[in-house]
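Student: Going by our numbering, the first residue of the sequence shown is number 3, and it counts up by one from there.
All residues carry an ideal CB built from backbone N, CA and C; glycine is no exception.
None of the values given here were measured: they were computed from a predicted structure.
Mind looking over this structure? Questions follow.
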Amino acid sequence: MQYIILLIGAVILYFAVSKYLSRKPENFNDIFRKVLAIVLGISAFVILVKGNIAVAGVLGTAAVLSWQGSLWAFLQAKAEGSQVPGTAKNTMSREQALEILELNGKPNDTEIKASHHRLMKKIHPDQGGSEYFATQLNQAKDLLMKK
3 MQYIILLIGA VILYFAVSKY LSRKPENFND IFRKVLAIVL GISAFVILVK GNIAVAGVLG
63 TAAVLSWQGS LWAFLQAKAE GSQVPGTAKN TMSREQALEI LELNGKPNDT EIKASHHRLM
123 KKIHPDQGGS EYFATQLNQA KDLLMKK
């Protein structure tokens with residue numbers, strides 16, 4: 003049984019790596035998230051069959067959260083050493099907002115909106131990006147638009 007699981011894992015890893023190499027690096031988060039969800043789901047099923055319902059439930063929940071992206075956002079925020087998205091309001095300085103939006107000086111509203119739109123296309127959660135970074139972009143735009 004364990005050899006079958008290892009074989010399935012190797013096949014999934016092979017397809018994930020081949021898809022990664024054929025795609026843009028920006029889409030790696032989405033691919034990794036889904037592969038992780040599949041591996042967790044298969045693990046949950048195998049453990050459920052063996053009779054450990056509690057552990058299977060935890061792994062199944064982790065698989066669903068990974069597929070949706072919220073587990074990935076949580077782990078990414080932890081890895082960066084920052085707070086988990088949505089747990090507290092972070093205050094952002096004007097310099098930080100300019101850096102996040104890749105602007106300098108005193109940009110006008112049109113430049114702010116254009117930069118926000120350009121960056122949001124890259125890191126929007128629907129495109130495999132992070133909710134945390136999308137929130138940071140929105141906060142930076144709001145701060146700079148207030149002046």
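Short of 6 Å in beta carbon distance, which residues of its chain neighbour Ala39, apart from the five on each side in sequence? Order them along the chain.
Tutor: Cβ neighbours of Ala39 beyond the five flanking positions: Ala65, Ser68 and Trp69.
Student: With burial defined as no fewer than 16 other Cβ atoms inside 10 Å of the residue's Cβ, what is the status of Ala90: buried or exposed?
Tutor: With a pLDDT of only 46 at Ala90, under 50, the local geometry of the prediction cannot be trusted, and the value read off the model is given with reservation. Ala90 should be labelled exposed.
Student: At the level of alpha carbons, what is the spacing between Gln129 and Ile7?
Tutor: Those two C-alpha atoms are separated by around 31 Å.
Student: Would you say Ala136 and Leu103 are within 9 Å of each other, going by their C-beta atoms?
Tutor: For Ala136 and Leu103, no; Cβs fall outside 9 Å.
Student: Regarding Phe17 and the ligand HEM, is the C-beta to nearest heavy atom distance less than 8 Å?
Tutor: As far as ligands go, the structure on display features none, and thus does not contain the ligand HEM.
Student: Please state the DSSP three-state secondary structure of Met3.
Tutor: Met3: coil per DSSP, three-state reduction.
Student: So, are the CB atoms of Val51 and Gly11 less than 9 Å apart?
Tutor: No, they are not a contact pair.
Student: When you compare only the Cα positions, how much space is there between Glu97 and Tyr134?
Tutor: Spanning the two alpha carbons is a distance of roughly 19 Å.
Student: Check Ser95 in the structure and name its three-state DSSP category.
Tutor: Residue state, collapsed to three classes: coil.
Student: For Ser117 versus Pro127, is the C-beta spacing smaller than 9 Å?
Tutor: No.
Student: With DSSP run on the structure shown, which of helix, strand or coil describes Ile118?
Tutor: It should be noted that the sequence gives His, not Ile, for residue 118. Residue state, collapsed to three classes: helix.
Student: Residues in its own chain within less than 8 Å of Leu145 by CB, not counting five upstream and five downstream?
Tutor: Met94, Arg96 and Ala99.
Student: Using only CA atoms, which one of Val37, Asn140, Ile49 and Lys80 lies nearest to Met122?
Tutor: Checked all of Val37, Asn140, Ile49 and Lys80; the closest Cα to Met122 is Asn140.
Student: On the criterion of 16 or more Cβ atoms from any shown chain inside 10 Å, does Arg35 qualify as buried, or is it exposed?
Tutor: It is buried - the Cβ of Arg35 has at least 16 other Cβ atoms within 10 Å.
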